[in-house]
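Q:
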Amino acid sequence: MEWKEAKKFDFNLGFVIMALTIIGLLNLYSATHAQSTTGLSKMFLSQATWMGIGWLIFISVSLINYSFIKHFVWFIYVTNLILLGSVKYFGKSFLGAQRWLDFGFFRFQPSETMKISLVLVLSLIFARHLKKQALDLQDLILPAIVTIIPFALTVTQPDLGTALIMIIILGSMVLYIGLRLKLILIALALMCLAAPLTWSFGMKDYQKQRVLNFLNPGKDLRGGGYNSRQSKIAVGSGNLFGRGYMQGTQSQLEFLPERHTDFIFSVLSEEHGFIGSTLTIILFFLLFISILRVAQSTEDPYGSLVCVGVGTILFWHFFINVGMVIGILPVVGVPLPLLSYGGSSMVTTMGSLGLVSSVSLKRFFF
Amino acid sequence: MNFGSSEATKELNQNRARYAFSFLIFFFLIIFLRLWYLQILQGKKFRTFSQKNSIKERTIYAPRGPILDRNGKVLVGNIPGYRLALEPSTFRRKNKERYKEVIDYISTILDEDPEGVSARTKRNFSKTGAFNPGLVKNQISNKQALTLKQSRIDFPEIIVEEVIFRDYPLSESAAQIFGYVSHATKNQMKNNRSFLVPGDQVGQAGIENKLDRMIRGKDGISYVQVDARGRVQKAENSLISYMGLSKVDPKIGNTVVLTLDKDIQTAAYEAFKRDDKYGLRKGGLVALNMQGEVLAWTSMPSFDPTLFQTGISSEMWKSLNTHSFKPLTDKVAQGTYMPGSVFKPLVGLASLHHGEITKDTRVEAPGYIFFGGRRWHDHRASGHGFVNVEEALEVSSNVFFYKLGMQLGVDKLTDVISRLGLGNKTGIKYVEESKGLLPNTKWKKENVKKEPRWQRGEDLNYAIGQGYTNISVLQLAKSYLSIASKGKVYSPYLIKEVLSPKGKTILESKPNLEEDLTTEESLSIDPKHFDTIIRGLIRVAHGKKGTARYRSSKRFLMAGKTGTAQVKRFSANDIYKKCEELPIKDRHHGLFVGFAPAEKPEIVVAALALHACHGSSGAAPMVTDVLRAYMKKHHPELFLKDKKVAKNSTKYKKETF
Numbered sequence: 001m002e003w004k005e006a007k008k009f010d011f012n013l014g015f016v017i018m019a020l021t022i023i024g025l026l027n028l029y030s031a032t033h034a035q036s037t038t039g040l041s042k043m044f045l046s047q048a049t050w051m052g053i054g055w056l057i058f059i060s061v062s063l064i065n066y067s068f069i070k071h072f073v074w075f076i077y078v079t080n081l082i083l084l085g086s087v088k089y090f091g092k093s094f095l096g097a098q099r100w101l102d103f104g105f106f107r108f109q110p111s112e113t114m115k116i117s118l119v120l121v122l123s124l125i126f127a128r129h130l131k132k133q134a135l136d137l138q139d140l141i142l143p144a145i146v147t148i149i150p151f152a153l154t155v156t157q158p159d160l161g162t163a164l165i166m167i168i169i170l171g172s173m174v175l176y177i178g179l180r181l182k183l184i185l186i187a188l189a190l191m192c193l194a195a196p197l198t199w200s201f202g203m204k205d206y207q208k209q210r211v212l213n214f215l216n217p218g219k220d221l222r223g224g225g226y227n228s229r230q231s232k233i234a235v236g237s238g239n240l241f242g243r244g245y246m247q248g249t250q251s252q253l254e255f256l257p258e259r260h261t262d263f264i265f266s267v268l269s270e271e272h273g274f275i276g277s278t279l280t281i282i283l284f285f286l287l288f289i290s291i292l293r294v295a296q297s298t299e300d301p302y303g304s305l306v307c308v309g310v311g312t313i314l315f316w317h318f319f320i321n322v323g324m325v326i327g328i329l330p331v332v333g334v335p336l337p338l339l340s341y342g343g344s345s346m347v348t349t350m351g352s353l354g355l356v357s358s359v360s361l362k363r364f365f366f
Numbered sequence: 001m002n003f004g005s006s007e008a009t010k011e012l013n014q015n016r017a018r019y020a021f022s023f024l025i026f027f028f029l030i031i032f033l034r035l036w037y038l039q040i041l042q043g044k045k046f047r048t049f050s051q052k053n054s055i056k057e058r059t060i061y062a063p064r065g066p067i068l069d070r071n072g073k074v075l076v077g078n079i080p081g082y083r084l085a086l087e088p089s090t091f092r093r094k095n096k097e098r099y100k101e102v103i104d105y106i107s108t109i110l111d112e113d114p115e116g117v118s119a120r121t122k123r124n125f126s127k128t129g130a131f132n133p134g135l136v137k138n139q140i141s142n143k144q145a146l147t148l149k150q151s152r153i154d155f156p157e158i159i160v161e162e163v164i165f166r167d168y169p170l171s172e173s174a175a176q177i178f179g180y181v182s183h184a185t186k187n188q189m190k191n192n193r194s195f196l197v198p199g200d201q202v203g204q205a206g207i208e209n210k211l212d213r214m215i216r217g218k219d220g221i222s223y224v225q226v227d228a229r230g231r232v233q234k235a236e237n238s239l240i241s242y243m244g245l246s247k248v249d250p251k252i253g254n255t256v257v258l259t260l261d262k263d264i265q266t267a268a269y270e271a272f273k274r275d276d277k278y279g280l281r282k283g284g285l286v287a288l289n290m291q292g293e294v295l296a297w298t299s300m301p302s303f304d305p306t307l308f309q310t311g312i313s314s315e316m317w318k319s320l321n322t323h324s325f326k327p328l329t330d331k332v333a334q335g336t337y338m339p340g341s342v343f344k345p346l347v348g349l350a351s352l353h354h355g356e357i358t359k360d361t362r363v364e365a366p367g368y369i370f371f372g373g374r375r376w377h378d379h380r381a382s383g384h385g386f387v388n389v390e391e392a393l394e395v396s397s398n399v400f401f402y403k404l405g406m407q408l409g410v411d412k413l414t415d416v417i418s419r420l421g422l423g424n425k426t427g428i429k430y431v432e433e434s435k436g437l438l439p440n441t442k443w444k445k446e447n448v449k450k451e452p453r454w455q456r457g458e459d460l461n462y463a464i465g466q467g468y469t470n471i472s473v474l475q476l477a478k479s480y481l482s483i484a485s486k487g488k489v490y491s492p493y494l495i496k497e498v499l500s501p502k503g504k505t506i507l508e509s510k511p512n513l514e515e516d517l518t519t520e521e522s523l524s525i526d527p528k529h530f531d532t533i534i535r536g537l538i539r540v541a542h543g544k545k546g547t548a549r550y551r552s553s554k555r556f557l558m559a560g561k562t563g564t565a566q567v568k569r570f571s572a573n574d575i576y577k578k579c580e581e582l583p584i585k586d587r588h589h590g591l592f593v594g595f596a597p598a599e600k601p602e603i604v605v606a607a608l609a610l611h612a613c614h615g616s617s618g619a620a621p622m623v624t625d626v627l628r629a630y631m632k633k634h635h636p637e638l639f640l641k642d643k644k645v646a647k648n649s650t651k652y653k654k655e656t657f
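If you read the protein sequences in the order shown, they are chains E and P.
In terms of this note's numbering, the first sequence has 294 at position 294, counting the first letter as 1, and numbering is strictly consecutive.
In terms of this note's numbering, the second sequence has 115 at position 115, counting the first letter as 1, and numbering is strictly consecutive.
(1) Output needed in chain order: residues of the region 8-19 of chain P with a Cβ under 7 Å from some Cβ in chain E.
(2) Are L517(P) and S491(P) touching if we call contact CB-CB under 8 Å?
(3) Go ahead and pull the three-state DSSP assignment for H323(P).
(4) Tell me where the alpha helix (DSSP H) around D531(P) begins and ends.
(5) Less than 8 Å separating the beta-carbons of V155(E) and I313(E)?
(6) Could you list which residues in chain E have their beta carbon closer than 8 Å to that of L35(P), in chain order?
(7) Listing by chain order, which chain E residues have their CB less than 7 Å from the CB of L38(P)?
(8) Would you list the residues sitting across from R555(P) in a DSSP beta bridge?
(9) I'd like to know if F265(E) contacts chain P, where contact means its C-beta is closer than 8 Å to some C-beta of that chain.
(10) Can you say whether K282(P) is buried or exposed, counting buried as having 16 or more other CB atoms within 10 angstroms of its CB?
(11) Taking C-alpha atoms, which residue in E602(P), L295(P) and F49(P) lies nearest to D69(P)?
(12) Using a C-beta to C-beta distance shorter than 7 Å, which residues of chain P count as neighbours of Q109(E)?
(13) Of the residues T349(E), S358(E), L353(E) and L361(E), which one's Cα is nearest the Cα of E112(E)?
(14) Just verifying my parser: in three-state terms, what is the DSSP assignment at A17(P)?
(15) So who's on the other strand from A607(P), going by DSSP bridges?
(16) Given that a residue counts as buried once 16 or more other Cβ atoms are within 10 Å of its Cβ, and exposed if not, what is K143(P)?
(17) For K210(P) and V431(P), what's the separation of their Cα atoms in angstroms?
(18) Would you check if the distance between the CB atom of D459(P) and the CB atom of N440(P) is smaller than 8 Å?
(19) Contact criterion: CB-CB distance below 8 Å. Does L13(E) meet it with respect to chain P?
(20) Verify the CB distance criterion: does F639(P) have a CB-CB separation below 8 Å to chain E?
(21) Tell me the residue span of the beta strand (DSSP E) that contains H353(P).
(22) Would you report the Cα separation of M246(E) and Q204(P), rounded to the nearest angstrom?
(23) Assuming P345(P) and K561(P) form a contact by the criterion Cβ under 8 Å, report the distance between their Cβ atoms to the nearest whole angstrom.
(24) Quick one: grab the DSSP three-state call for I506(P).
(25) Please confirm whether V322(E) has its beta-carbon closer than 8 Å to some beta-carbon of chain P.
(26) In terms of residues, what are the limits of the beta strand (DSSP E) holding K137(P)?
(27) Secondary structure at V498(P), three-state DSSP: helix, strand or coil?
(28) Quick one: list the residues of chain E neighbouring R47(P), beta-carbon separation under 7 Å, in chain order.
(29) I need the boundaries of the beta strand (DSSP E) containing G238(E), first residue and last residue.
(30) Is DSSP giving I17(E) helix, strand or coil here?
(31) Could you pull the DSSP bridge partners for H658(P) from this structure?
(32) Sort D167(P), F165(P), H353(P) and Q201(P) by Cα distance to I525(P) and report the nearest one.
(33) Relative to the alpha-carbon of Q230(E), which residue among N124(P), K52(P) and Q291(P) has its alpha-carbon at the smallest distance?
(34) What runs of the alpha helix (DSSP H), each 4 residues or longer, lie entirely inside the region 150-195 of chain E?
(35) Cβ closer than 7 Å: which chain E residues qualify as neighbours of F27(P)?
Shown next, in the form of structure tokens:
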């Protein structure tokens, strides 16, 4: 190992991730401390542990040569597909949906890792076309197929949220590379057609209800409308400086539902105000800029696209979650990367960021 | 892959990054502006909302569905009342002294011991969760409610709510069937997935329990805004409506329609209230129509189900459980008893069927016979002479049936008798019932370790309804229904239908004919045998020597059989003589099963009179009361003046008297 090469480690990226994870832990402490007598709730300790594991994974993946993974991409993809398919038969059912595989010591959600596997496969396919100005229709056939299969498996779980993110990943990557205008128009037309069909056949009642609640919150009693309103009150009441750490009444008095997972950002906004939330938002912005920089500066099209893909996943999670918290998007169960409580999300996020770091390092460790 | 070398591609890539960057800027700007709007522009409004945000859900309890009789009359209904509770803040530790003040005040109004009130209230509060009011008492009187309401100026912690309570207009009558409601127990909240929350009223016994999920309505929600002390504020519509909250009305539960007839039920209950020299009657009575529909069901002593929802005191609960006649236990289907002589018609029927006797076979029935080295007594020392089966039933001759038992043996008799429903569950649904026992040699071999072999002497005991035989009153009614309907065995049922509040049928019961004993697939019992037995039973009620001749009605023709079940063993001579002198617990049970009108039966009534000494004086009058009530309702013409139908033309009369 030469020091010269190690210098290529992207310290900007590392710094931003470090800052966000620390903010995440402090914020989670505030959101959960009321639930235990000692202040150190089980949830907080568990999240701290997962964060440690996350960092280990981040560093290990950084040190692996991502090009080496290239040879196994299809294998990873197919294995992940099989696991995804097996959820239907061996999975744990939770709130009417089967999403988990139980391995005893931990529960594994194949649809989480599927997003990354999909990015790896799509990057491999699109790497060939990166020289082109814009993609043609025939370039889209294979990517469409590899996306549709996990999409279909995830929809039937049913987990519409994750499934839609797969489509969004494909769309974002295609748009990043460039698409002929004609095709963009066709895609828009298809979406207009697909929306009503999804509404009538693809969505469960509770999902429809969420969309309706979003469009017409006054009608709802105790569903998404309520959550969304409480979240807006929490965010809005933060004003400029916030109500102070662990002083947010919305979060501490339990008006906010799901405040440690989906609505973690409301807690932050309420307690740290416009300044605190803007700073956090800016950190996320820097995170995406760093990822984009790595994508742009690398000379390997595959590595570049992997970064773009990872950035896409994280960006849409971020935007959908924050959009829901501030009431511009419907309530969907999407966690905020690095801030929401949850081991799965932490591990996959840190793992995928490790890939980006690996691209920037370009270390050949094997 | 040769990628980096191409300048064009590099430029392409930079373009892409630029697009992506502007894309990011665009989306982040949206978030930034939205945050600006919420936190800075609208910040003041949301800060106010947040400070005022203490919206609490309050449950509006849904009334339970009513229980109606077959004609739509209310058996169990709902009645508005008041319940007294305290605001949750009252229970905070720092308000300890205030809490004591409030409790002291309440206790003087309720006229109860403050410590008891305090303990009960704390217990209730701990069950209902920190944000809900703590219940002090259900169903306080109107006067107390008014006083407490007015004192809210001084004691704002007091909540007087108008709530719907369960109303049991029949009170004790059929209480074991209806059951009762009270607060959901911890186990009930844990075990079932019906979303019970603390404070919910749940059926704890009887139909209220068995059909709880159907009877229970869907609770509604109202929203109130409370201040920091937990006191309800005047509705701040702006916030509640901003939150998109509006009241959800409660939905009443489903209506349960029973087969019971309120009039007959009342007659059955009143029959027990007839005071006589034995004191208040105890026991069970059930009336079935010819399709097995339960028309009346009484078990005494009983209890008032209303007591349970006001919060039954522990002394009361204790006394209900330790009472020597167990008011909570149903004597009709759960209790099993030795049948005594009411068993004889069944033995007669089995003997006719097996061809051991014909209707004309006369058997000598002296005062006693010798068998197995001992004397087997009749209750009449002088005996009854030569009697046929009809006459044997009329006078309830023991010796006649001893001889049948001797000849046929237990197995042949049980083979037939068990088919009429004795010694087995009757198949009634939504009611707890016991199986009872109808023995045979196989049963004894498997179950009586001490003496597995069936003794011949036991055949004799068996034939007069004694020994191991143990049956419920409901089983008796079922078997006599089969006799009255000449071979049709119906399972009794109690729930006629369950209707949704909009009148849609959710559950419906139809008569369940188990089998017809006269058919070839069954036992092919000759219908004439049933006629013979029925004639015997009419003689019991109307014959010159009939054991129930003084207890029958003059207005209509009825049939039936008396029975006396020993509680303790006595020598045969003592059976009737000394009963009244025995301590109550040792006295015999009286039984009577009857049906009317005997020409074309419509109703069967079986009654058990605990410790009433005789079937004729203890149980028969109750059965006759119920039969009379039924006949008066459905055949009022029989009760017009100067009509003595029983003595008028009937085919039985012509043939037998």
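Just so it is clear, CB atoms sit at the ideal spot from N, CA and C, and this is done for glycine as well.
Keep in mind it's a predicted model, so treat the numbers as computed, not measured.
A: On the basis of the coordinates in this document:
(1) T9, L12, N13, Q14, R16 and A17
(2) Within the second sequence, the letter at position 517 stands for residue 517(P). Within the second sequence, the letter at position 491 stands for residue 491(P). Cβ distance not < 8 Å, so L517(P) and S491(P) don't count as in contact.
(3) Indexing the second sequence from 1 puts residue 323(P) at position 323. Residue state, collapsed to three classes: coil.
(4) Within the second sequence, residue 531(P) is the residue found at index 531, counting from 1. D531(P) -> alpha helix (DSSP H) spans P527 to H542.
(5) In the first sequence, the residue the question calls residue 155(E) occupies position 155. In the first sequence, the residue the question calls residue 313(E) occupies position 313. In this structure, I313(E) does not lie closer than 8 Å to V155(E) by Cβ.
(6) Taking the second sequence and counting its residues from 1, the one referred to as residue 35(P) is at position 35. Within chain E, the residues near L35(P) are V235, S269, F274, S277, T278, I281 and I326.
(7) The count along the second sequence starts at 1 and reaches residue 38(P) at position 38. In chain order: K232, V235, G236 and I326.
(8) Locating residue 555(P) in the second sequence gives position 555, counting from the first residue. Paired residues: none, contrary to the question.
(9) Your numbering for residue 265(E) matches position 265 in the first sequence. False, the Cβ-Cβ gap to chain P never drops below 8 Å.
(10) Indexing the second sequence from 1 puts residue 282(P) at position 282. K282(P) comes out buried.
(11) Position 69 of the second sequence, counted from the start, is the residue given in the question as residue 69(P). Cα-wise, what sits closest to D69(P) is L295(P).
(12) Your numbering for residue 109(E) matches position 109 in the first sequence. In chain order: nothing, as chain P lies at least about 25 Å away.
(13) Taking the first sequence and counting its residues from 1, one reaches residue 112(E) at position 112. The shortest Cα separation from E112(E) among T349(E), S358(E), L353(E) and L361(E) belongs to T349(E).
(14) Here the question's residue 17(P) lines up with position 17 in the second sequence. Helix at A17(P).
(15) Within the second sequence, residue 607(P) is the residue found at index 607, counting from 1. Beta-bridge pairing links A607(P) to L285(P) and F592(P).
(16) Taking the second sequence and counting its residues from 1, one reaches residue 143(P) at position 143. So K143(P) counts as exposed.
(17) The count along the second sequence starts at 1 and reaches residue 210(P) at position 210. The count along the second sequence starts at 1 and reaches residue 431(P) at position 431. Computed Cα separation, rounded: 8 Å.
(18) Counting from one through the second sequence, the residue named residue 459(P) turns up at place 459. Counting from one through the second sequence, the residue named residue 440(P) turns up at place 440. Going by C-beta atoms, D459(P) is not nearer than 8 Å to N440(P).
(19) For the purposes of this step, residue 13(E) is identified with residue 13 of the first sequence, where counting begins at 1. Answer no: the Cβ-Cβ gap between L13(E) and chain P never drops below 8 Å.
(20) Along the second sequence, read from residue 1 onward, the residue named residue 639(P) stands at position 639. Chain E, which has no Cβ nearer than 8 Å to the Cβ of F639(P), makes this no.
(21) Along the second sequence, one-based indexing puts residue 353(P) at 353. H353(P) -> not in any beta strand (DSSP E); alpha helix (DSSP H) instead, spanning K344 to H354.
(22) Along the first sequence, one-based indexing puts residue 246(E) at 246. Along the second sequence, one-based indexing puts residue 204(P) at 204. Cα-Cα distance, rounded: 45 Å.
(23) Locating residue 345(P) in the second sequence gives position 345, where the first residue counts as 1. Locating residue 561(P) in the second sequence gives position 561, where the first residue counts as 1. Sure, about 6 Å apart at Cβ, within 8 Å.
(24) What you label residue 506(P) is simply residue 506 of the second sequence in a count that begins at 1. Looking at I506(P) - three-state DSSP - the assignment turns out to be strand.
(25) The residue labelled residue 322(E) in the question sits at position 322 within the first sequence. Yes - at least one Cβ of chain P is within 8 Å of the one on V322(E).
(26) Counted from its first residue, the second sequence places residue 137(P) at position 137. K137(P) -> beta strand (DSSP E) spans G134 to I140.
(27) Taking the first residue of the second sequence as 1, we reach residue 498(P) at position 498. If DSSP states are grouped into helix, strand and coil, V498(P) belongs with the strands.
(28) Here residue 47(P) refers to the residue found at position 47 when the second sequence is read from its first residue. In chain order: S237 and N239.
(29) Here residue 238(E) is taken as the residue at index 238 of the first sequence, counted from 1. It is not in any beta strand (DSSP E) - G238(E) carries neither H nor E in the DSSP assignment.
(30) In the first sequence, residue 17(E) corresponds to position 17, counting from 1. Helix at I17(E).
(31) Outside the displayed span of chain P (1 to 657) sits residue 658(P), for which this structure offers no information.
(32) For the purposes of this step, residue 525(P) is taken as the residue at position 525 of the second sequence. It is H353(P) whose Cα lies nearest to the Cα of I525(P).
(33) The sequence position of residue 230(E) within the first sequence is 230, counting from 1. The option with the nearest alpha carbon to Q230(E) is K52(P).
(34) 160-177
(35) Your numbering for residue 27(P) matches position 27 in the second sequence. In chain order: F319.
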